[in-house]
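Undergrad: Going by numbering that gives the first Met the number 0, the sequence shown opens with residue 0, and the numbers climb by one from there. Glycine residues also receive a C-beta, built at the ideal position from the N, C-alpha and C atoms. Pasting in a structure now, in structure tokens, and then I'll have a few things to ask.
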Amino acid sequence: MTAQKEERLVTLEEFIIQAQNRFPGATGELSQLLRDIGLAAKIISREVNKAGITNILGFDGSTNVHGEAVKKLDLFADSQLISALERSGITCMVISEENDGIVKLSTTGGKYIVYLDPLDGSSNIDVNVSIGSIFSIYMREPRFDNAVHEQDALQPGSKQVAAGYVLYGSSTTLAYTTGLNVSLFTLDPSLGEFILCDRCVKIPKHGNIYSINEGSYNSWDVGLKRYIKYCQEEDTESGRPYSARYIGSMVADIHRTLIKGGIFIYPHSKKYPNGKLRLMYECNPLSFIIEQAGGMATDGENRILDIEPKAIHEQTPIYIGSPENVKHVMDFLHEFAEKEPEFKI
Ligand code: AHG
Ligand code: MN
Ligand code: MN
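Pasting the structure below:
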């Protein structure tokens, strides 16, 4: 019998320290911040897993800044993440989907600004379908007075220093990037640790899956309608019809797109003239991840990461995924915008 070389498990903590050690001048603060988020993610994951057996599940009766019903777990995730960030004192402000304005932390001198979607896909909580958390980290511009201003948080996605997501699915997965590849971890519940499973995830250049809420078909631009019809046409050579997959939790739809390839679209429509998804804590962080994995993300015209934000809760349309699929849908959008502009909303 030949002795098999045993793969050594690498935990999220170890991985972060190893990465930090490769930069001799690093202060360790960003590493600490990522570890804090990792700890909050474990606590949220535990609570998500028992949501059905405790009374945490269900509406808490209030609505968030977008007028959407807030579920109890959203608030739980929000407070866990914010208190984890408060603990290490290196974050000066947090912007969260669940809070109208900026949340100033007690350490106003902290040099990081963190955006959060504490619980993404929350309409799926009650039906035991995957949900997630999203984070996006910026460096604060130095100020003489050390005061914390909302304006400092309005930076384009290209300035993110790190971003990631946690997916509470059939297992709990954490993905993050600091601008050098995307690393993927899976939570081993018996160890209580995130274990490294891929240090350099790459998205397929092309995929045979499209992901969009097709219920809104009648209110799309004609170019998008034609693209979706193209996805559905039969053509064995190009692998069509493509498969339709739509979970309704952006984190879960993007995670599948990262691993299997294809495209995820949330366009503008009559109901959502600027798109529905939030630029700063949904689209920017997930676009950073997808680009780092070799994919593309646009609003139909421009790269998502180049958008200059005007408000912390602003929305944007998004076309994101495998580079060939994203370029292809953009061709359709451009072609039909020129040919049949009267069909544009
Ligand atoms: P959230 O639960 O954080 O408000 O996000 C829900 C978002 C996103 O996760 C998902 O892709 C999208 O809403 C689904 O919207 P539709 O139900 O309009 O398809
Ligand atoms: Mn969300
Ligand atoms: Mn949310």
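In its own chain, which residues sit with a C-beta less than 6 angstroms from the C-beta of residue 153, not counting the 5 before and 5 after it?
TA: 308
Undergrad: Please tell me whether, using a cut-off of 7 angstroms, the distance from the CB of residue 117 to the nearest non-hydrogen atom of ligand 4 is below it.
TA: Absent from the structure shown: ligand 4. Ligands present: ligand 1, ligand 2 and ligand 3.
Undergrad: Taking 7 angstroms as the line, does the beta carbon of residue 35 fall inside it for any heavy atom of ligand 3?
TA: Relative to ligand 3, the beta carbon of residue 35 is positioned no closer than 7 angstroms to any heavy atom.
Undergrad: Using the DSSP secondary-structure output, state which residues sit across from residue 77 in a beta bridge.
TA: Residue 77 pairs with nothing; no bridge assigned.
Undergrad: So what does DSSP say about residue 195, is it helix, strand or coil?
TA: strand
Undergrad: Name the one or two DSSP bridge partners that residue 131 has.
TA: Bridge partners of residue 131: 119 and 166.
Undergrad: Near residue 83, what residues of its chain come up, given a Cβ to Cβ distance below 7 angstroms and the 5 sequence neighbours on each side ignored?
TA: 35, 36, 38 and 39
Undergrad: Residue 252 and residue 245 - do their beta-carbons sit closer together than 8 angstroms?
TA: Residue 252 is positioned such that its CB atom lies closer than 8 angstroms to that of residue 245.
Undergrad: Thinking C-alpha only, which one of 262, 270, 311 and 292 is nearest residue 299?
TA: 262
Undergrad: What are the start and end residues of the alpha helix (DSSP H) that includes residue 222?
TA: 221 to 231
Undergrad: Residue 50 to residue 330, Cα distance in whole Å?
TA: 44 angstroms
Undergrad: By the three-class DSSP mapping on this structure, what secondary structure does residue 253 have?
TA: helix
Undergrad: In terms of residues, what are the limits of the beta strand (DSSP E) holding residue 320?
TA: 317 to 320
Undergrad: Hey, how far is the Cα of residue 346 from the Cα of residue 224?
TA: Nothing can be reported for residue 346, as the shown portion of the chain is limited to 0 through 344.
Undergrad: Which same chain residues end up closer than 6 angstroms to residue 192 when comparing Cβ atoms and leaving out the 5 residues on each side of it in sequence?
TA: Excluding positions up to five away in sequence, the list reads 10.
Undergrad: Thinking C-beta only, is residue 217 closer than 8 angstroms to residue 238?
TA: no
Undergrad: Give a single yes or no on whether residue 275 has its beta carbon closer than 7 angstroms to a heavy atom of ligand 1.
TA: yes
Undergrad: How would you label residue 23, buried or exposed, when you count the other beta carbons within 10 angstroms and need 16 or more for buried?
TA: exposed
Undergrad: Report whether the distance from the Cβ of residue 281 to the nearest heavy atom of ligand 2 is below 7 angstroms.
TA: yes
Undergrad: Residues in the same chain with beta-carbon distance under 8 angstroms from residue 314, minus the five sequence neighbours each way, listed in chain order, please.
TA: 271, 273, 274, 275, 276, 277 and 278, listed in sequence order.
Undergrad: Quick check: the region 172 to 189 against the region 138 to 156, are at least 3 beta-carbon pairs closer than 8 angstroms?
TA: no
Undergrad: Taking 7 angstroms as the cut-off, is the beta-carbon of residue 120 closer than that to any non-hydrogen atom of ligand 1?
TA: yes
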